[in-house]
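Read through the structure below, which is laid out as structure tokens, and then see the notes.
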Amino acid sequence: MEGSAPITLPCSTTFDLPGYVLDRNVGICWGLVVRSVGFAKGFTGGFRSLKAGEVPQYTEVVDSARQTAMERMAAHAQQLGANAVLGVRFDSSDVAENLAEVIAYGTAAVVHPA
299 MEGSAPITLP CSTTFDLPGY VLDRNVGICW GLVVRSVGFA KGFTGGFRSL
349 KAGEVPQYTE VVDSARQTAM ERMAAHAQQL GANAVLGVRF DSSDVAENLA
399 EVIAYGTAAV VHPA
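Residue numbers (my numbering): 299 to 412.
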């Protein structure tokens, strides 16, 4: 995805990581991306949204944005000296027309095997 590195450290939505012991919390880490739907997907997606059901053009954009946000969050955690991220959450909001912000955030932590 756009030159992002794959996630190489454990990430969990919980505040514990089975099989690991928490050494210390390093701090908050996050990954942010602002995405545009783009004209072609916006145009075809707009027609699809007139009827009930999933709009695959938008689903693809949001899924890609979440993956990129996760990769950036993991990279930020590693920059802070962490080797795991706990309590991972997502948030999103509209920034402008056809622009959406997606953020992944959590607690950067140092863990070791139990």
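A virtual CB, placed ideally from N, CA and C, is assigned to each residue, including glycine. Source: prediction; values computed, not measured.
Assumed close pair residue i, residue j - CB separation to whole angstroms, cut-off 8 Å
i	j	result
Leu330	Ala382	Leu330 to Ala382, Cβ: 20 Å. No contact.
Tyr386	Ala402	A quick correction: the sequence has Val, not Tyr, at residue 386. Val386 to Ala402, Cβ: 6 Å. Contact.
Cys327	Leu384	Actually they are not in contact, since the Cβ atoms of Cys327 and Leu384 sit about 10 Å apart, beyond 8 Å.
Alpha-carbon to alpha-carbon, residue j and residue i
i	j	result
Phe358	Val409	Looking at the sequence provided, one finds Glu at residue 358 rather than Phe. Spanning the two alpha carbons is a distance of roughly 33 Å.
Ala398	Leu315	31 Å
Thr311	Gly351	28 Å
Arg333	Gly317	36 Å
Asp361	Ser390	12 Å
Pro304	Gly325	22 Å
Asn396	Pro354	16 Å
Cys309	Gln376	12 Å
Asp392	Val400	9 Å
Phe313	Tyr356	31 Å
Buried versus exposed, by CB contacts within 10 Å (16 or more), residue i
i	result
Ala394	exposed
Ala406	buried
Gly249	This structure gives no information on residue 249, because the portion of the chain shown stretches from 299 to 412.
Ala363	buried
Ala380	buried
Opening and closing residue of the beta strand (DSSP E) in which residue i lies
i	result
Ser310	Looking at the DSSP string, Ser310 is not in any beta strand (DSSP E), and its letter there is neither H nor E.
Ala407	397 to 411
Val319	318 to 334
Ala394	382 to 394
Original post:
Do the segment 361 to 373 and the segment 312 to 326 touch if we need at least three Cβ pairs shorter than 8 Å?
Top reply: no
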